[in-house]
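Position 14 of the sequence shown, counting from 1, maps to 13 under numbering that gives the first Met the number 0, and the rest follow consecutively. What follows is one structure encoded as structure tokens, with my remarks underneath.
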Amino acid sequence: MNRIRSTLTELKETLALALPIMAGQLGQMLMGLADTVMISRVGTVPLAAAALGNTLASVLMVSGIGLLTAVAVQVSHAHGARDGRASGDSLRHGLLISAALGLLVILAGAAGWLLLPRLGQDDEVVAALAPYLTAVLPSLVLVFAATALKNFSEAQSSPWVPFWITFGGVVLNVVLNWVLIFGHAGFPELGLLGAGIATFLSRLAIALGLFAYVWGAARFASSRPRAWLLPPCARQLAAQFRLGLPVAVQLLVEVGAFGAASLLIGSLGAGPLAAHQVAITVAATIFMLPLGLGMATTVRIGQVLGAREAGRVRRIGFGALGAVTAFMMASALFLLAAAPSIARLFTPDPEVIRLAIPLLIVAGWFQLVDGIQVVSIGALRGLKDVRVPAWIAFSAYWLAALPIGWLLGFPLGLGATGVWIGLAIGLAAAAAGLTVRFWKKSTQAGTCQTSDLQALSPTQSGRGEMADAQA
């Protein structure tokens with residue numbers, strides 16, 4: 000009974016941190032949702048182009064978000080250890096990484112667009128995509144900077160202001176979509192380009208708002224960066240890359256698998272691709288809630304390790320897993336029951352609606368394992384266990400999900416539905432492997448003595464340098 004009570008106490012604290020993070024993640028996703036709903040009114044080809052563009056941008060975006068996870072992990076450990084200087088060092092180097100990486104992904108995105116015709120994508124869709132990417136790709140620099148700032152704040156248990164800033168950006172995006180896509184308030188009708196410009200301006204507003212908050216709030220007076228004019232610290236950059244790079248690889252493996260699925264479905268034509276965009280937008284929107292819980296779990300586990308309280312790790316992790324299981328079961332039932340109505344909200348095209356319904360039903364089945372895998376991997380990141388999870392993700396998605404999806408979708412003739420069934424199998428495999436991994440690592444953490452915690456919580460007071468990620 001005491002164990003259950005203590006687990007519920009930990010869950011209450013995790014949810015208090017997770018709720019604004021969930022809302023903020025959902026707000027970010029709603030930008031894409033607003034684009035999808037509004038672009039669908041322009042036509043099927045623009046909607047299919049948005050599907051390709053968002054897939055390409057997402058693959059590039061997660062590389063930076065993964066690297067910048069190091070900021071959340073390092074700052075949460077430093078905050079638990081009450082080491083403000085280490086927190087500031089982590090943010091400063093995270094912003095430097097954001098700027099450099101942003102330039103690289105713009106070039107990579109342009110190259111990716113040039114390759115799309117050779118990957119079997121419809122020429123009309125590829126041509127419609129070009130103006131959208133000219134606005135969306137530069138906005139990724141802003142996403143990276145905002146991610147570093149948001150991670151810095153949330154890792155110190157200050158998630159509400161980032162949420163409200165993000166919410167304001169979402170509202171701005173919807174208004175700008177209405178103005179620029181359809182040509183209201185004296186502006187020309189820009190269609191898909193208008194959606195891209197609206198996304199860029201909204202992300203700019205979010206990044207500036209987060210910057211002003213971090214540099215103006217008194218609560219960060221002891222932890223924000225102080226030494227902007229000093230050259231970057233090679234050891235700190237190396238530590239962030241050692242911690243963040245496996246996370247980036249893991250995210251690229253997962254998002255890349257969904258991107259490859261989009262390419263497979265895109266080869267079937269604009270209709271199946273538009274249906275895929277509807278289904279993936281709905282599934283990804285729901286996914287933001289367990290993703291926020293996973294991020295909060297990362298922070299809480301990092302904080303207790305920084306405070307040398309490793310005995311709480313298992314209670315935090317499995318409390319979050321229990322909560323996400325209950326929520327995702329409810330969301331799965333919702334998708335199974337409401338698939339036709341949801342599809343009609345996105346598009347008036349009867350063919351796209353017909354194709355989207357079975358995809359939404361499959362998404363309902365994998366919601367449960369999707370939530371479990373993202374919370375498990377969040378808990379492992381809090382333990383700085385990032386390399387093995389990357390291998391688990393690679394095996395689940397690229398050795399199971401995509402081959403099975405291709406087999407079901409093409410040789411066996413199930414089309415887009417077969418590809419989605421393959422993705423569901425990959426998510427189930429990832430959830431199983433990651434949950435077992437957390438069981439093992441949390442057991443190790445719980446049996447560590449306080450004197451042995453340096454391997455798990457290596458904040459070096461006064462120097463701001465973090466040790467290597469756990470193997």
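C-beta: ideal position from N, C-alpha, C; glycine also. Small disclaimer: the values here were computed from a predicted structure and weren't measured.
Simplified DSSP state of residue 82, which is helix, strand or coil: On the sequence shown, residue 82 is found 83 positions in, with the first residue counted as 1. If DSSP states are grouped into helix, strand and coil, residue 82 belongs with coil.
Unbroken alpha helix (DSSP H) runs of length 4 or more, entirely within the region 151 to 238: which are they? 159 to 181 and 191 to 215
Per the DSSP calculation, residue 348 is bridged to which residue(s)? For this step, residue 348 is matched to residue 349 along the sequence shown. Note: residue 348 sits in no beta bridge, so no partner.
Nearest to residue 381 by alpha carbon, out of 73, 65, 426 and 221? In the sequence shown, the residue the question calls residue 381 occupies position 382. When each option's Cα is compared against that of residue 381, the closest is 73.
Would you call the region 351 to 360 and the region 266 to 274 touching, i.e. three or more CB-CB distances under 8 Å? yes
Taking the alpha-carbon positions, what's the residue 309 to residue 184 distance? In the sequence shown, residue 309 corresponds to position 310, counting from 1. In the sequence shown, residue 184 corresponds to position 185, counting from 1. When rounded, the distance between both Cα atoms is 57 Å.
Segment limits, alpha helix (DSSP H) that includes residue 408: Your numbering for residue 408 matches position 409 in the sequence shown. It spans 401 to 408 - the alpha helix (DSSP H) in which residue 408 sits, taken as one unbroken run.
Helix, strand or coil for residue 384 per DSSP? By one-based count along the sequence shown, residue 384 stands at place 385. It is a strand residue.
Can you list, in chain order, the residues of its chain whose CB lies under 7 Å from that of residue 27, leaving out five sequence neighbours each side? Counted from its first residue, the sequence shown places residue 27 at position 28. Closer than 7 Å at Cβ, skipping near neighbours: 165.
With DSSP collapsed to three states, give me the class of residue 16. For this step, residue 16 is matched to residue 17 along the sequence shown. It is helical.
Terminal residues of the alpha helix (DSSP H) in which residue 291 lies: In the sequence shown, the residue the question calls residue 291 occupies position 292. That run of the alpha helix (DSSP H) goes 269 to 305.
DSSP three-state call for residue 448: helix, strand or coil? Residue 448 sits at position 449 when you count from the first residue of the sequence shown. Interpretation of residue 448 is limited by its pLDDT of 40, a score under 50 that renders its predicted location unreliable; the figure taken from the coordinates is listed afterwards. The answer is coil: DSSP assigns residue 448 none of H, G, I, E or B.
Measure how close the beta-carbons of residue 471 and residue 291 come, nearest whole angstrom, since I'm counting them as under 8 Å. Since the first residue of the chain shown is 0 and the last is 470, residue 471 is not available in this structure.
Less than 8 Å between the CB atoms is what I'm expecting for residue 124 and residue 244, so what's the real figure, rounded? Against the sequence shown, residue 124 aligns to sequence position 125. Against the sequence shown, residue 244 aligns to sequence position 245. Not a contact, Cβ separation roughly 33 Å.
Can residue 293 and residue 376 be called in contact, C-beta distance under 8 Å? Taking the sequence shown and counting its residues from 1, the one referred to as residue 293 is at position 294. Taking the sequence shown and counting its residues from 1, the one referred to as residue 376 is at position 377. Going by C-beta atoms, residue 293 is nearer than 8 Å to residue 376.
What's the gap between the Cα of residue 536 and the Cα of residue 314? The question about residue 536 has no answer, for the chain in this structure spans 0 to 470.
Alpha-carbon spacing of residue 343 relative to residue 199, whole angstroms: In the sequence shown, residue 343 corresponds to position 344, counting from 1. In the sequence shown, residue 199 corresponds to position 200, counting from 1. Each residue's Cα considered, the two are about 28 Å apart.
DSSP state of residue 308, grouped into three classes? Position 309 of the sequence shown, counted from the start, is the residue given in the question as residue 308. Residue 308 falls in the coil class under three-state DSSP.
Looking at the structure shown, is residue 27 part of a helix, part of a strand, or coil, going by DSSP? As a working note, residue 27 is residue 28 in the sequence shown. The answer is helix: DSSP assigns residue 27 an H, G or I state.
Nearest residue (CA-CA) to residue 149, options 204, 203 and 162: Here residue 149 corresponds to residue number 150 of the sequence shown, with the count starting at 1. Nearest of 204, 203 and 162 to residue 149, Cα basis: 162.
If you run the structure through DSSP and keep just helix, strand and coil, what is residue 265? What you label residue 265 is simply residue 266 of the sequence shown in a count that begins at 1. Helix at residue 265.
Buried or exposed: residue 222, going by 16 or more other Cβ atoms within 10 Å of its Cβ? Along the sequence shown, one-based indexing puts residue 222 at 223. Residue 222 comes out buried.
Say whether the region 149 to 159 touches the region 175 to 184, bearing in mind that this needs 3 or more beta-carbon pairs closer than 8 Å, one atom from each stretch. no
For residue 9, count neighbouring C-beta atoms within 10 Å of its own C-beta (all shown protein chains included) and say buried if the count is 16 or more, exposed if not. Counted from its first residue, the sequence shown places residue 9 at position 10. Classification for residue 9: buried.
What are the uninterrupted segments assigned as alpha helix (DSSP H) that are 4 or more residues long and contained completely in the region 311 to 382, given in chain order? 312 to 345 and 349 to 381
Tell me whether residue 340 is buried or exposed, calling it buried when 16 or more other Cβ atoms sit within 10 Å of its Cβ. The residue you call residue 340 lines up with position 341 of the sequence shown. Per the 10 Å Cβ criterion, exposed.
Contact check, residue 366 vs residue 334 under 8 Å by CB: the rounded distance? Along the sequence shown, one-based indexing puts residue 366 at 367. Along the sequence shown, one-based indexing puts residue 334 at 335. At roughly 7 Å, the Cβ-Cβ gap stays under 8 Å, so residue 366 and residue 334 are in contact.
Could you compute how far the alpha carbon of residue 133 sits from the alpha carbon of residue 194? Here residue 133 corresponds to residue number 134 of the sequence shown, with the count starting at 1. Here residue 194 corresponds to residue number 195 of the sequence shown, with the count starting at 1. One C-alpha to the other measures close to 11 Å.
Whole angstroms are fine: how far does the CA of residue 429 sit from the CA of residue 396? Numbered from its first residue, the sequence shown carries residue 396 at position 397. Numbered from its first residue, the sequence shown carries residue 429 at position 430. Computed Cα separation, rounded: 8 Å.
Out of 226, 224, 168 and 217, point me to the one whose CA is closest to residue 207's CA. In the sequence shown, counting from the first residue as 1, residue 207 sits at position 208. Comparing Cα positions, the closest option is 168.
In whole angstroms, give me the CA-to-CA distance for residue 90 and residue 147. If you number the sequence shown from 1, residue 90 lands on position 91. If you number the sequence shown from 1, residue 147 lands on position 148. Those two C-alpha atoms are separated by around 6 Å.
Skipping 5 residues on each side, what residues in its chain have a beta carbon closer than 6 Å to that of residue 248? Along the sequence shown, one-based indexing puts residue 248 at 249. Closer than 6 Å at Cβ, skipping near neighbours: 389.
Here's the rule: buried if 16 or more other CB atoms are within 10 angstroms of the residue's CB, otherwise exposed. What is residue 439? Position 440 of the sequence shown holds residue 439. With fewer than 16 other Cβ atoms within 10 Å, it is exposed.
Would residue 286 and residue 384 be called neighbours here (beta carbons separated by less than 8 Å)? Translated into positions along the sequence shown, residue 286 becomes position 287. Translated into positions along the sequence shown, residue 384 becomes position 385. In this structure, residue 384 does not lie closer than 8 Å to residue 286 by Cβ.
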